[in-house]
Amino acid sequence: MTAEPEIVLEARNITKRFPGVVANENVSLKLHRGEVLALLGENGAGKTTLMNILYGLYHQDSGEVLIRGEPVRISSPSESIKRGIGMVHQHFMLVPVFTVAENIILGAETGNGPFLDLKVARQRIRELSRQYHLDVDPDAYVKDLSVGQQQRVEIIKALYRNADILILDEPTAVLTPQETEELFAIIRSLTARGASVIFISHKLKEALAIADRIMVLRRGRVVGETTPREATERSLAEMMVGRSVMLEVEKGEAHPGAPVLTLENVTVLDDRGQQVVNGVSLEVHAGEILGIAGVQGNGQTELVEAITGLRPVHSGRVRINGRDVTNASPRRISETGCAHVPEDRQEDGLVLTYTVADNLVLNTYYTPPFAHGIVRDDRAILDHANRLIERYDVRTPGALTLVSALSGGNKQKVIIARELSREVRLLIAAQPTRGIDVGSIEFIHQQIIAERDRGAAVLLVSAELDEIMALSDRIAVMYHGRIVATLPAASATREELGLLMAGAQPVNAASELATDGHEPVNVQRRGV
Amino acid sequence: MERAESQSPLQADRLAPVRSLLRAMIVPVASVVVALAIGAVIIALSGANPLVAYSALFEGGLGSGRAIGRTLEKATPLIFGGLAVSLAFKCGLFNIGAQGQLLLGAIFAAFIGFSLQGLPAVLHIPLALLVGAVMGAVWAAIAGTLKAFTGAHEVITTIMLNFVAFNLTDWLADGPWKDRSPGNIVARTPAVAPEARLPDIAGVPLGMILAVLAAIAVWWLIWRTTIGFELRTVGQNASAAKYAGISVRRMTVLAMVASGFLAGLGGAVETLGVVGRFQPGFNVGLGFQAITIALLARTNPIAVIPASLLIGVMQAGASRMQFNSGVASEIIDVIQAIILFFVAADSIIRWVLRLRAEEGERVTLSSGWGS
């Protein structure tokens, strides 16, 4: 880059404090015309705060924002849209029962008086779609679109409002590897036509693949700026965490024993009564990790809830250690030695208004030594807490600190500590490292492998394909509520798994099992 | 928060519990002060002197042995009611039906009191109290069961059950259990047997002693037992409770039963200790004052005692205030309503005092609405 292109967006020395935290400290950023700037950082590093300032949701305490060289004070999202900034949030803001066109014009309606005129809008949407290879039908209902397509609707929504600066907040979190590739192609076609993109992520590979420049945030400060040519995954990870980290998970060979968890033709309904788990059969053996790969919303959540007793099993059988626990109470299942790291740790795994100590006995509070009869033994609960805080390296001011005050990674360590401190014969870990810092991820991965080596059966559910591939001994791919294939992890490739996750027929000879009758590739996935 | 208070020994900062207790008291105390100030303005607007009125109020509630006796008498059922509402709050339930549970407890205690004759007091009193409390529990169990098994919101069902209780007790007192003694034309039950009346113990009414013991028992149940832990967990986060193997349904029914038991006991104590019989219309509004007290005490069972005493003082002194200053005694209801307003909408007081929202366990007034 010799002739410096125009700077379209600049932030100078932005500082934003929240009670007790400095979310951004002296953060400066420049975005050039036609470039992709990746903003990399762990959860809580201040990425989202910075973007919310640029998008007008917060106002900075000090520092200034310039758009095309002009200092501006953006006080609301509608103002930032007027100035050409569009944001695609992690959670889409779409009305499912509206068509694509209706969603896109929402808030910018065209028409005669009170009557909508969609004709012009549809025309423009088609043009935009063609121009950027977005492949979106303006008359399709959003509820019928796949997650990847919904994301494109969000992008068109921004383009429709003439945005030429796009902020994409963790856009790949809900995509398959192939959909991610398609998104990258779209980003390239956007920048080729002069748009500028800020790409927020915590995934190192993606930042290296798509960005022109990479900026790393840690604890609210800019700790480095680099380009994909100069950086490696390792150097980026070190910048993010502030120390050297192990990216590879070290694990020895598995020594599988007898089956611990057996599922036979399990079907489960979701909250709306739709069958979302369609006859899953699988076995997890002692001493092995079975990973379930799949894009979010393919029935994994409901399957785990059904195994752990939180959701009724509609039909089929669940056995743990040979005992039938189909539709048993969560407590009975837990007492078979089933530890559960739940997907939604804030909602299910912890009581945020309780102390760390109380959370560490959340499901064992009624057993000795924590209770004698109905009387709690606070001393024993406290001793237990102090022991676990030490052993699992939970960073907390004390056992009596409210768990809500802990960081995401430390909250998850509280759950891991609680679950693994019991006698574990089956560990069910759902999204065990979602949204937590690299340092904690490393620790939690080691704990899961240690549990396997101790002889526990581990069922791992994760939307992160890297995590599945790094930890699993066998990988089952779940699509549309079915296990479409089970592969040995050693021979599985990203590409193959990605295709299976998108609904392709298993073709690889390595597939041990493929249930019959699953849908063909082009069937659209239901929304998340 | 409160657990942290109770476990001070290992806390580095020994004053932290005291500080957090003081912090917890800011909003309730400020609410009372602001309510009294607004009350003073209203009194002044009505042409009376607020200072004269308030000094008469507190003199009437605290100024003499008899005044204090009246205050204790007024405060006793309030403590039971406040405990009932607080306990339900701990489980995330808003028991608006304390009034109805209390009426059931009152009339059944009266029934045991007047229908059995010649029983010794050591048997008669516990029996009458127990039957009253159990009837309160039964009444609340209806709402608890409906909530647990059909999802019917307890606010709606307890309000409805209040109306049923009003009319049911009216009918009993004017029909099958009516006082048929010559000359009586009003709806009321016969007087309870002298053996069923609550005595004073060392000058303190037995009812008051029971109320304080009940407060301690509720505190112990909530903070020191596994049942209390289960109740609180359901109240704070029902889905985490489910995950932890706690039956949300069972705890919902249990919390309502325990709450109704306390309210029913309050009604029984009032009947056997103060009124001596059941009369419809007695202590209307007690169940609602119980809500004010529970919120003023921030659902802390021990704090329910001073909160009840404060309201008790106002009620005991109201007639003296009216006599001395000419201010209608209803002004007390206005002040109580303003207190309730501020403790329920405590963000107003926080905003006035520029306080940050407090950490720790929350009282949820509206869980389950609209979902």
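Chains V and G supply the protein sequences, listed in that same order. Here my numbering is used: position 12 in the first sequence is 23, and no number is missing along the way. Here my numbering is used: position 45 in the second sequence is 322, and no number is missing along the way. Note that beta-carbon positions come from the ideal geometry of N, C-alpha and C, so glycine has one too.
When C-beta distances to chain V are compared with 9 angstroms, the residues of the segment 499-513 of chain G below that value are W500, R501, T502, T503, I504, G505, F506, E507, R509, T510 and Q513, in chain order. Every beta strand (DSSP E) stretch that sits fully inside the segment 343-419 of chain V and reaches 3 residues is listed by chain position as 349-352.
By the CB criterion at 9 angstroms, G:I356 and G:G480 fall outside the cutoff.
In its chain, beyond the 5 residues on either side, H43, R44, G45 and E46 have a beta carbon closer than 8 angstroms to the beta carbon of V:P16. Only residues of its own chain outside the window of five on either side were considered, and among them A325, N326, V329, A330 and A333 have a CB closer than 7 angstroms to the CB of G:S602, listed in chain order. Annotation for G:N439: the continuous alpha helix (DSSP H) segment containing it runs E431 to D451.
With respect to the 9 angstroms criterion, V:Q423 and V:E354 are not classified as neighbours on the basis of their beta carbons. Contact annotation, G:T529 with G:G421: C-beta distance approximately 6 angstroms; criterion of less than 8 angstroms satisfied. Between G:P467 and G:S458, the gap from beta carbon to beta carbon is short of 9 angstroms.
Your pair V:L437 and V:G348 checks out as a contact, with CB atoms roughly 6 angstroms apart and the cut at 8 angstroms. The three-state secondary structure of V:G290, taken from DSSP, is strand.
Residue burial annotation: G:P482 is buried, with at least 16 other C-beta atoms found within 10 angstroms of its C-beta. Distances from the CA of V:Y152 to each of V:S200, V:V164 and V:Q142 were compared; the closest alpha carbon is that of V:V164.
Contact between V:I166 and V:S140 does not hold, since the beta-carbon distance rounds to 10 angstroms and is not under 8 angstroms.
Looking at the backbone, the Cα of V:S473 and that of V:A503 are separated by about 16 angstroms. Of the other Cβ atoms in all chains shown, fewer than 16 fall within 10 Å of the Cβ of V:H144; this residue is therefore exposed. In this structure, the alpha-carbon of V:R230 lies about 14 angstroms from that of V:G419.
Contact of G:I523 with chain V is assigned, a C-beta pair being separated by under 9 angstroms. In the three-state scheme derived from DSSP, where H, G and I count as helix and E and B as strand, V:T26 is classed as strand. If you compare the alpha carbons of G:A595, G:V629, G:I625 and G:W628 with that of G:G340, the shortest gap goes to G:A595.
Between the segment 63-76 of chain V and the segment 236-250 of chain V there are fewer than three inter-stretch CB-CB distances shorter than 8 angstroms, so the stretches are not counted as touching. Contacts with chain V at 9 angstroms (Cβ-Cβ) do not include G:K424.
Within a 10 Å sphere around the beta-carbon of V:D150 sit fewer than 16 other beta-carbons, which makes this residue exposed.
Cβ neighbours of G:P305 within its own chain (closer than 7 angstroms, five residues either side excluded): L573, R575 and V620. Residues of chain G whose Cβ lies closer than 8 angstroms to the Cβ of V:G55 do not exist; the shortest such Cβ separation is about 18 angstroms. V:I344 is positioned such that its CB atom lies no closer than 9 angstroms to that of V:V352. Under the three-state reduction of DSSP output, G:D477 falls in the strand class. Comparing C-alpha distances from G:I493 to each of G:G452, G:L508 and G:I582 shows the shortest one belongs to G:I582.
Distances from the alpha-carbon of V:V106 to those of V:M98, V:L117, V:G97 and V:V99 put V:L117 closest. V:R23 sits away from V:D72, with the two beta carbons spaced by 9 angstroms or more. Here V:L228 has G52, A56, G57 and K58 as same chain residues with Cβ atoms under 6 angstroms from its own Cβ, once five neighbours each way along the sequence are excluded.
For V:S418, no Cβ of chain G is located within less than 9 angstroms of the residue's own Cβ. Among the residues of chain V, none has a CB under 7 angstroms from the CB of G:K367; the nearest is roughly 12 angstroms distant. Rounded to whole angstroms, the separation of the alpha carbons of V:A428 and V:T375 is 12 angstroms. Within chain G, the C-beta atoms nearer than 7 angstroms to that of V:A382 come from T503, in chain order. Using a Cβ-Cβ distance cut-off of 8 angstroms, the segment 417-436 of chain G and the segment 395-409 of chain G are not in contact, since fewer than three pairs of beta carbons, one from each stretch, lie closer than that value.
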